[in-house]
Every structure is written in structure tokens, then in C-alpha cells.
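With mature numbering (1 follows the signal peptide of the UniProt record, and there is no 0) applied, the sequence shown covers -23 to -1, 1 to 305. Where is the CB? At the ideal position from N, CA and C, for every residue including glycine. Given the structure is predicted, the values throughout are model-derived calculations rather than measurements. Remarks on the structure that follows.
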Amino acid sequence: MRLFPVHLTLWFSFLFFRASKSAFNTFTETNGMNSTVCENIESTDASLVPEQDDVEASDISEQSFCVLYVTNILNCSWSLDHSAVAHISVCNGETLLWSLNPSKEERAGSASLILQNVDVLYVVLQFNLTLQGSRAVYTKVYDKHMLAVPPPPENISTSVTGENLLLVSWSLPESQILFDPHCYEYQLDIGDGEPARETSGELSYTLPNVVPSHTHRARIRTRLSITCHERPRWSEWSKWSNDAAGAVEPPGFRLNLLVIVLILLGLPMILLAVLLMARSQRLYKTVFPRIPRPPPDYMKALDKNDRLNEPHPCTPAEEEVITVVLFE
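Below, the structure written as C-alpha cells:
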């Protein structure tokens, strides 16, 4: 009885180990299993090759794809019209590195794997289908160029010129696989709520009629054009640019602002002058009140006192006439 808990613990540990092993061993590293898949890559075209013509190969090509991200994560997905058993093999040259152990037939599925230190890489995607008693095998070979998903651009900067133009510039995506610069297509998000702008083959974009006083930022994602890649896929969005582009003021901005302030302050004075010129009595009396005057009785008394106090002119003295008579 004392040993029962120990046995129970060991039994649950064993079940957990088996469940973990079945869950995490979707991809298994192999030494010789299906080695002919990698050996026959040179003779297999990079397209779906059916052994029998039961199903359209072009349909399966459109319904399945594999991509390799810059983080060395391989992802394969498929969504078929018929149930099939998928086999995924990862080859380095003619050496088989990993192989997917199929479990059951299914129409849709996906698988991911982290690859390490793989220089020359091929991925072989096979579908085994059984239709009306006949069996067909479709094989798709992806090389590293077909798998590549470029990373988002870096060194994103924004600036505003004196003509209210927003200039966004960036650098080429840093990838292990080098493509021609004209192969890249870009989408720009300026953060203004508008749909993303698109451009291709350029490392800059100019947006007209922006507000200089606002701060502007941008993020970008990229993909390869259809002329350079069979199934191009968009990369992740880059981080928002850190620099603000609204610090530059166009010439004469402060002068225009001063004129606007003067107009706003002078407009009430102009309106007041117009009202005064219209001789509005109420406003005129309020702005220019009448000087108070004494009553009429006081005005008469003051007038009399003024008359009494007026100085009287003196009468001129009579002139004396002296007559002088001379006798001889």
C-alpha cells in the first residue's frame, strides 16, 4: 500500500512523456529515410509534377505554399479540394535533414519548423491523393529564393520640406538572399487613417500638402514583385519611425501668425468705430457722457453776480483850455 503512490506517479510521468513526444516530434530528423527525395531534386522541376493526371496540378499549386521567414522559420500550409496525405522534406543539397511524418488524410493543414545553419536549402512538398481507386503523387520543390519572405525595411526617416512635402526614406531590407532593388514593392502607413500608399523600386516616397506643425511618422512593409517571385507575400510591418518631421517651419510662418493676431485684435476696434460713425445715441452717450451743468436759476444768479462785478470804465477828465493873449 505504501508503494502505490510511487507507482501511480511513475505511470502518469510515463503517459506525459509519451504525449509530449507525440506532440513535439511532428518533424523528425532522419539519416536515410526518403533520401531519394533529395537525390532527385536536380531532375525535378520547381513545379507540381503529378504521376497521374487525376487532379489539376495548377489547382494544387495555388492551394499550397511554403515560406521561409528571416527568422529561419519554415511554414507550409495547404487547403485542397480533396483529402490528401502531405509529406514535407527539408533537404540541404542531396542530404535529407528533416521529414514530416504524415498522420492522416486531410484537406487543410499547416506545419512549421525552425531551421538552423542551412545554407543550401530545398523544401519538397508532396501530396498523396486517392481518387476513384487511383493514386496520384504531386511534388512541389521550393528553392531558397522561392521560400524567401523579405524582412521589413529599416532606417526609416521622415522630414518636411519648405513646400509642405513629407519625404519618407528607408533602406533596402537586409536579407540573406539578395534581390534586385527593382524587385521590391512597398506599402507605407503614414498614420493618418488613410489606406496604405504603394510604391515599387524606390527607396523614398513624397507626400504633398502636409501640415508642417503636425508630427509625422511612418511604418513600411515590403514584398517581392510577381516578376521576381512566384508567390510573393508581404513582410511584417516595420516599427514606427522615431523622428518627428514637424519641427521645420516654412519661411514667413511667424510673420503670417503675427498678422492674424493683429487682425483679430483690431477687428473689434474697427467695429466700434463704425458704430460710432453711425451716431448711435445710446452708445454715444455711454462712451461720451454729457458734462453736468447747474440748474437755470443758479445760472441766472451767477450771470447777475458777474455783471455787478464787472469793472466800470472811468470817465475821462475834462481838458482845461488855457488862452494866452499877447499884447504888444
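Item checked: Residue span of the alpha helix (DSSP H) that contains H122, given as start and end -> K121 to L124 is the span of the alpha helix (DSSP H), which, as asked, contains H122.
Next item on the list: List the whole-angstrom C-beta distance separating V101 from C53, where the pair is believed to meet the contact cut-off of C-beta under 8 Å.
Entry: About 10 Å separates the two Cβ atoms, so there is no contact after all.
Next item on the list: Determine, using beta carbons only, whether T107 and E82 come nearer to each other than 9 Å.
Entry: Against a cut-off of 9 Å, the Cβ pair of E82 and T107 comes out as a contact.
Notebook entry, point to check: Can you round the beta-carbon distance between L57 and S66 to whole angstroms, since I take them to be within the 8 Å contact cut?
Noted result: Not a contact, Cβ separation roughly 19 Å.
Note to self: I'd like to know if the stretch 229 to 248 and the stretch 137 to 148 are in contact, where contact means that at least 3 CB-CB pairs between them fall below 8 Å.
What the structure shows: No contact exists between the stretch 229 to 248 and the stretch 137 to 148.
Notebook entry, point to check: On the three-pair Cβ rule with 8 Å, is the stretch 165 to 174 touching the stretch 117 to 127?
Noted result: The stretch 165 to 174 is not in contact with the stretch 117 to 127.
Item checked: Contacting residues, own chain, Cβ-Cβ under 8 Å from Y161 (five flanking each side not counted) -> Closer than 8 Å at the Cβ level, and outside the excluded window around Y161, lie P127, L149, P150, S177, G178, T199, R200, L201 and S202.
Checklist line | Residue of P271, T183, L45 and V44 minimising C-alpha distance to S134 | finding: The candidate whose alpha carbon is nearest that of S134 is T183.
Next item on the list: Within the stretch 148 to 214, note down every full beta strand (DSSP E) run reaching 3 residues or more, in order along the chain.
Entry: Runs of the beta strand (DSSP E) spanning 3 or more residues and lying entirely within the stretch 148 to 214 occur at 161 to 166, 174 to 177, 181 to 184 and 196 to 201, in chain order.
Next item on the list: Would you mind working out which of L124, Q103 and T138 sits nearest S212, comparing C-alpha positions?
Entry: Comparing alpha carbon positions, the residue from L124, Q103 and T138 closest to S212 is L124.
Check: In terms of DSSP beta bridges, what is E131 paired with?
Finding: S148.
Check: Per DSSP, what kind of secondary structure is Y46 in: helix, strand or coil?
Finding: Coil.
Check: Of the residues W214, R267, H159 and I268, which one's Cα is nearest the Cα of P130?
Finding: Of the listed residues, the one whose Cα sits closest to P130 is W214.
Next item on the list: With DSSP as the reference, label T7 as helix, strand or coil.
Entry: Annotation note: pLDDT 38 at T7 (below 50); position unreliable, no value reported.
Notebook entry, point to check: When you compare only the Cα positions, how much space is there between T13 and A88?
Noted result: Cα to Cα, the separation comes out at about 22 Å.
Note to self: Taking 7 Å as the limit between beta carbons, can you name the residues of its chain near Y275, skipping five residues before and five after?
What the structure shows: Answer for Y275: no residue qualifies.
Check: Is the beta carbon of L155 less than 9 Å from the beta carbon of L92?
Finding: The Cβ atoms of L155 and L92 lie no closer than 9 Å to each other.
Check: Taking all protein chains shown into account, do 16 or more other C-beta atoms lie within 10 angstroms of the C-beta of L279, making it buried, or fewer, making it exposed?
Finding: Exposed: under 16 other Cβ atoms inside 10 Å.
Next item on the list: Let me know the secondary structure DSSP gives L74 once reduced to three states.
Entry: Under the three-state reduction of DSSP output, L74 falls in the strand class.
Margin query: Within 10 Å of its beta-carbon, does L242 have 16 or more other beta-carbons around it, so buried, or fewer, so exposed?
Written below: It is exposed - the Cβ of L242 has fewer than 16 other Cβ atoms within 10 Å.
Next item on the list: Please look up how many angstroms separate the CB atoms of V62 and N132, rounded, as I've assumed it's under 8 Å.
Entry: 46 Å between Cβ atoms; not a contact.
Margin query: If you reduce the DSSP assignment to three classes, tell me which class I299 lands in.
Written below: Assigned with DSSP and collapsed to three states, I299 falls in coil, not helix or strand.
Notebook entry, point to check: Taking the DSSP output, what are the residues bridged to T263?
Noted result: Under the DSSP definition of a beta bridge, T263 lacks any partner.
Next item on the list: Indicate the three-state DSSP secondary structure (helix, strand or coil) for I268 in the structure shown.
Entry: Three-state result, I268: coil.
Item checked: Per-residue burial, R196 [other beta carbons within 10 Å of its own, 16 or more giving buried] -> With 16 or more Cβ atoms within 10 Å of its Cβ, R196 is classed as buried.
Check: Taking all protein chains shown into account, do 16 or more other C-beta atoms lie within 10 angstroms of the C-beta of G70, making it buried, or fewer, making it exposed?
Finding: With fewer than 16 other Cβ atoms within 10 Å, it is exposed.
Item checked: Closest by C-alpha distance to L180, when choosing among P172, Q40 and Q164 -> Cα-wise, what sits closest to L180 is Q164.
Note to self: Taking 8 Å as the limit between beta carbons, can you name the residues of its chain near F40, skipping five residues before and five after?
What the structure shows: The question names Phe, but residue 40 in the sequence shown is Gln. Shown here for Q40: same chain residues with a beta carbon closer than 8 Å to its own, the five before and five after excluded, namely W55, S56, L57 and D58 in chain order.
Checklist line | Same chain only: Cβ atoms within 7 Å of H159, ignoring 5 sequence neighbours per side | finding: For H159, the CB contacts under 7 Å within the same chain, skipping 5 residues up- and downstream, are G178 in chain order.
Item checked: Under the three-state DSSP convention, the category G243 falls into -> Three-state result, G243: helix.
Note to self: Which of the three DSSP states is assigned to N69 in this structure?
What the structure shows: N69: strand per DSSP, three-state reduction.
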